[in-house]
Amino acid sequence: MIGRLLGGRYQIEQAVGGGGMSVVYRALDTILGRRVAVKVLRSQFGDDADFIRRFRREAQAAASLSHPNIVNIFDVGTDGDDHFIVMEYVEGHTLKEWIQQRGPLPVEEVVEIGRQVCAALAHAHDRGIVHRDIKPHNILITDARVVKVTDFGIARAITANTITYAGSVIGSVHYFSPEQARGEMTDIKSDIYSLGVVLYEMVTGHLPFSGDSPISVALKHVREPLVEPRQLNPGIPQSMENVILRAMAKNPLDRYDSVKEMAEDLDVVLELRDVPKFVPQHGDGQSEETRLYTPVSGAENSADRKAADEAAKPRRRGWFYVKRAALWTLAVLLVMAVLGVGAYYAFTTWMRVLDVTMPNVVGKPYADAVAQLTQSGFSQNNIQRVDMPSNAVPPGAVFKQDPDAGITVKANRSITLWVSIGQETVAMPAVENMPLSQAKQLLKQNGIPDSQIAVNYEYSDQPKDTVIRQYPREEVAVVPGKDQVQLVVSQGPQLVTVPNVVGSTEQDARQQLTAAGLTVGKVQTQPDYKAPSGVVIQQAPYKPGDQVPKGRAVDLWVSSGYPQDAKTAVFPVVVAIPAGHSPVQVKIVVTDARGANQTVVSETTSVSKVYPVQVVLSPDTGADIKWYVDGQQQGEKVIPYNGM
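In terms of the UniProt record's numbering, the sequence shown opens at residue 1 and continues consecutively.
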């Protein structure tokens, strides 16, 4: 199967799971370019009409469901002898794997997972669908911690003509409700019981019942009391245990009336931790006949037969029970006789049912289609509705019918109408970090043309023309040709000019760099003759005037003051101006260890003044002070290092 192109569209990549009926593969949808999960019916069931009907019922049941916590069904088909269903591919783990890897889960996590499963089941129950196989293996958890329920393979509609699989063991016996184990009719309360078992396993790390064979486990669900969760994990609150005890009550009358009611209790588990313990008010739900003998099919091995025989033993012996057994045998023979007569009557009645030509109701609103069918002689009770997306007709209108128009069928024939719930959607693919051209190509493969894509550019460190954000996010439903997709694309980094901060104080340098859109990198200090303490003496790796990407870091070297061998002194410089003289230009120039020809005074004055002039000397450099009046040197003083 690996490498095969199934249905001319789905490239099988690898097996990712499976059950008794089917194998699940990861595949590539070569038309839409997305990963999908493909469930393929096992080959040994390909010729079994009952299994094929059950397999197709999964697609019909699940395809009518659209909820964030339910795995989407995309397609159903046949390729040669292989029957398959195409589903949403979920990246993540099964809840069973989580429990096996982590043991008992925190109560907060159990509550959140339980609430999401309740939401999924509520959506299904509201549409008349019972899952019948709730177990951790069928609960997926994505990497974003979103819970998705899958495998509605044995779900059934709650209708008057539902087939009862009495006595057959369908699903996983460790999560069976007592009524499932007895082979009785199941309803939404069976799902509630199974979810209670899942919660039990999450908080304790153990299954509530185990045994040597499926039959022995099933009998324990029916007959044995539960080891209460707090006995295995005393750390869970009583409110959490109460939810489990009520969900797993033997008698359905003691269970929640709906998963919505169960979710309401989960919502307050963490707030109302210490509450009175739940006590069931009804019996175990078994009739006297069920206690006398519980028929469970599938007792193939000796362990199963022994367990079944043990269940079949009367609780009391005596003539009354011998008579009762004889009466039951007689009753069975009478029923068989009646069924034989009934079969003949049913056949002759069927032969008398009118033949009716199937009208064309495609394109009509559902109510109008039903009215036309009933006017043609069909019974409304035999009309089944399947809601699915369709681009062909408006929401609420029929887009497909079975049987097809023009075919002559019996008036009591079952009819299926597929009704549009709106336009078909596709899951938004992940295009972040892709080149824009590649992202557009992938969107086009998913049915989203360029006209539906809005592109906005912004500066980014990502390479130019790379998608850095997408709206909607990955896996969000998008209507092709309608919903707009927005891509934010990198136009490369924004360039800024590096300022000159040499000679500025460290604080001023930081402010200048920040204002320019840059950051301060490493700051080092070192002694320096030319700059006082706290003044920047060097910047790197960028020079003033360089164009660099916004946000880059500039390293600074800051003066820690003059070296230890430096000498400083202040000398008075007297500039004499004759009385009554007009204003003159005074200039004082210093050459010392800080540098040559530093102008330290430049001003206009009309009076004589004494100017204090500071000099810095090093072992290699003395000091020279010159002063000028109107450009003419008036005096000079030379100061040697050793002369101080």
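Virtual Cβ for every residue (Gly too), placed ideally from N, Cα, C.
Quick check: the stretch 537–545 against the stretch 562–572, are at least 3 beta-carbon pairs closer than 8 Å? no
For threonine 159, name the three-state secondary structure that DSSP assigns. Here residue 159 is taken as the residue at index 159 of the sequence shown, counted from 1. In this predicted model, threonine 159 has a pLDDT of only 32, less than 50, meaning its place in the structure is not dependable; the value taken from the coordinates is given anyway. Three-state result, threonine 159: coil.
Is it right to say asparagine 138 is buried, meaning 16 or more other beta carbons lie within 10 angstroms of its own, or is it exposed? Counting from one through the sequence shown, the residue named residue 138 turns up at place 138. Label assigned to asparagine 138: buried.
Taking the alpha-carbon of proline 136 as reference, which of Val197, Met87, Gly481, Gly183 has the nearest alpha-carbon? Position 136 of the sequence shown holds residue 136. Of Val197, Met87, Gly481, Gly183, the residue nearest in Cα terms is Val197.
Taking the CB atoms as reference points, tell me whether alanine 249 and proline 280 lie closer together than 8 Å. On the sequence shown, residue 249 is found 249 positions in, with the first residue counted as 1. On the sequence shown, residue 280 is found 280 positions in, with the first residue counted as 1. Their beta carbons are under 8 Å apart, which means alanine 249 touches proline 280 by this criterion.
Would glutamine 14 and threonine 30 be called neighbours here (beta carbons separated by less than 8 Å)? Position 14 of the sequence shown, counted from the first residue, corresponds to residue 14. Position 30 of the sequence shown, counted from the first residue, corresponds to residue 30. Their beta carbons are not under 8 Å apart, which means glutamine 14 does not touch threonine 30 by this criterion.
Buried or exposed, going by whether 16 or more other CB atoms sit within 10 Å of the CB of tyrosine 471? Start at 1 with the first residue of the sequence shown, and residue 471 comes out as number 471. With fewer than 16 Cβ atoms within 10 Å of its Cβ, tyrosine 471 is classed as exposed.
Does the contact criterion of 3 or more C-beta pairs under 8 Å hold for the stretch 399–413 versus the stretch 443–454? no
Check whether the stretch 201–214 touches the stretch 99–108, taking contact to mean three or more Cβ pairs, one atom from each stretch, closer than 8 Å. yes
Inter-residue Cα distance where the pair is glutamine 632 and lysine 609: Position 632 of the sequence shown, counted from the first residue, corresponds to residue 632. Position 609 of the sequence shown, counted from the first residue, corresponds to residue 609. Going from the Cα of glutamine 632 to the Cα of lysine 609 covers about 17 Å.
Start-to-end residues for the alpha helix (DSSP H) that takes in serine 190: Here residue 190 corresponds to residue number 190 of the sequence shown, with the count starting at 1. Note, serine 190: alpha helix (DSSP H), 188–204.
Suppose contacts are defined by Cβ-Cβ distances below 8 Å. Is valine 467 in contact with leucine 436 by that definition? To locate residue 467, count along the sequence shown from 1; it is residue 467. To locate residue 436, count along the sequence shown from 1; it is residue 436. Taking 8 Å as the Cβ cut-off, valine 467 and leucine 436 qualify as a contacting pair.
Just list the residues that DSSP pairs serine 490 with in beta bridges. If you number the sequence shown from 1, residue 490 lands on position 490. Paired residue(s): Glu458.
Please state whether DSSP places aspartate 450 in a helix, a strand or coil. By 1-based counting over the sequence shown, the position of residue 450 is 450. Helix at aspartate 450.
Could you tell me whether the Cβ atoms of valine 554 and valine 502 are closer together than 8 Å? Along the sequence shown, read from residue 1 onward, the residue named residue 554 stands at position 554. Along the sequence shown, read from residue 1 onward, the residue named residue 502 stands at position 502. Contact flag unset, no.
From the DSSP output, which residues share a beta bridge with glycine 635? Mapped onto the sequence shown, residue 635 falls at position 635. Answer is Trp627, bridged to glycine 635.
Pull up the distance between the alpha-carbon of alanine 509 and that of glycine 545, whole angstroms please. Within the sequence shown, the letter at position 509 stands for residue 509. Within the sequence shown, the letter at position 545 stands for residue 545. Going from the Cα of alanine 509 to the Cα of glycine 545 covers about 15 Å.
Could you compute how far the alpha carbon of glycine 235 sits from the alpha carbon of aspartate 387? Your numbering for residue 235 matches position 235 in the sequence shown. Your numbering for residue 387 matches position 387 in the sequence shown. For glycine 235 and aspartate 387, the distance between alpha carbons rounds to 45 Å.
Got a sec, what are the start and stop residues for the beta strand (DSSP E) isoleucine 85 sits in? Mapped onto the sequence shown, residue 85 falls at position 85. First-last of the beta strand (DSSP E) with isoleucine 85: 82–88.
How about proline 389 and serine 414: do their beta carbons lie closer than 8 Å? Within the sequence shown, numbered from 1, the residue matching residue 389 stands at position 389. Within the sequence shown, numbered from 1, the residue matching residue 414 stands at position 414. Contact flag unset, no.
Lysine 530 to alanine 593 span [Cα, whole Å]: Here residue 530 corresponds to residue number 530 of the sequence shown, with the count starting at 1. Here residue 593 corresponds to residue number 593 of the sequence shown, with the count starting at 1. Approximately 7 Å between the Cα atoms of the pair.
Write down the C-beta distance between proline 429 and aspartate 461 rounded to the nearest angstrom, noting that I regard them as a contact closer than 8 Å. What you label residue 429 is simply residue 429 of the sequence shown in a count that begins at 1. What you label residue 461 is simply residue 461 of the sequence shown in a count that begins at 1. About 24 Å; that fails the 8 Å criterion.
Distance between beta carbons of isoleucine 134 and phenylalanine 152, contact taken as under 8 Å: Position 152 of the sequence shown, counted from the first residue, corresponds to residue 152. Position 134 of the sequence shown, counted from the first residue, corresponds to residue 134. So it is not a contact: roughly 10 Å between Cβ atoms.
Assigned secondary structure, glutamate 91 (DSSP; H/G/I helix, E/B strand, else coil): In the sequence shown, counting from the first residue as 1, residue 91 sits at position 91. Of the three classes helix, strand and coil, the one that applies to glutamate 91 here is coil, per DSSP.
Going by the beta-carbon positions, is the gap between valine 361 and phenylalanine 378 smaller than 8 Å? To locate residue 361, count along the sequence shown from 1; it is residue 361. To locate residue 378, count along the sequence shown from 1; it is residue 378. No, they are not a contact pair.
Contact belief for valine 275 with asparagine 242 at Cβ below 8 Å, rounded distance in angstroms: By 1-based counting over the sequence shown, the position of residue 275 is 275. By 1-based counting over the sequence shown, the position of residue 242 is 242. Confirmed, about 6 Å.
Backbone CA spacing between serine 216 and asparagine 446 [nearest angstrom]: Here residue 216 refers to the residue found at position 216 of the sequence shown. Here residue 446 refers to the residue found at position 446 of the sequence shown. C-alpha separation (whole angstroms): 50 Å.
In angstroms, rounded to a whole number, what distance separates the CA positions of alanine 299 and valine 222? Here the question's residue 299 lines up with position 299 in the sequence shown. Here the question's residue 222 lines up with position 222 in the sequence shown. Any answer about alanine 299 is weak, because its pLDDT of 39 lies below 50 and its placement is not dependable; what the coordinates show is given next. Going from the Cα of alanine 299 to the Cα of valine 222 covers about 16 Å.
Cutoff 6 Å; reference valine 146; Cβ partners in own chain excluding five residues on either side: Translated into the one-based positions of the sequence shown, residue 146 becomes position 146. Cβ neighbours of valine 146 beyond the five flanking positions: none.
Which same chain residues end up closer than 7 Å to alanine 307 when comparing Cβ atoms and leaving out the 5 residues on each side of it in sequence? Here residue 307 refers to the residue found at position 307 of the sequence shown. Note that alanine 307 scores 42 on pLDDT, short of 50, meaning its location in the model is unreliable; the coordinates nonetheless yield the value given after this. Taken in chain order, the residues that qualify are Ser213, Ile215, Ser216, Leu219.
Kindly list the residues whose CB is nearer than 6 Å to the CB of glutamate 636, restricted to its own chain and excluding five residues on each side of it in sequence; keep chain order. Residue mapping note: residue 636 aligns to position 636 of the sequence shown, counting from 1. Lys626.
Residues in its own chain within less than 6 Å of valine 76 by CB, not counting five upstream and five downstream? For the purposes of this step, residue 76 is taken as residue 76 along the sequence shown, with counting starting at 1. Contacts found: Ala59, Ile85.
As assigned by DSSP and simplified to three states, the class of threonine 349: Residue mapping note: residue 349 aligns to position 349 of the sequence shown, counting from 1. Residue placement at threonine 349 cannot be trusted, given a pLDDT of 44 that sits under 50; what the coordinates show is reported in the next sentence. It is helical.
DSSP on lysine 260, reduced to helix/strand/coil? The count along the sequence shown starts at 1 and reaches residue 260 at position 260. Lysine 260 falls in the helix class under three-state DSSP.
What did DSSP end up calling leucine 443 once you bin it into helix, strand or coil? Position 443 of the sequence shown, counted from the first residue, corresponds to residue 443. Note: leucine 443 maps to helix in three-state DSSP.
May I ask which residues mark the beginning and end of the alpha helix (DSSP H) holding alanine 371? What you label residue 371 is simply residue 371 of the sequence shown in a count that begins at 1. Start and end: 366–375.
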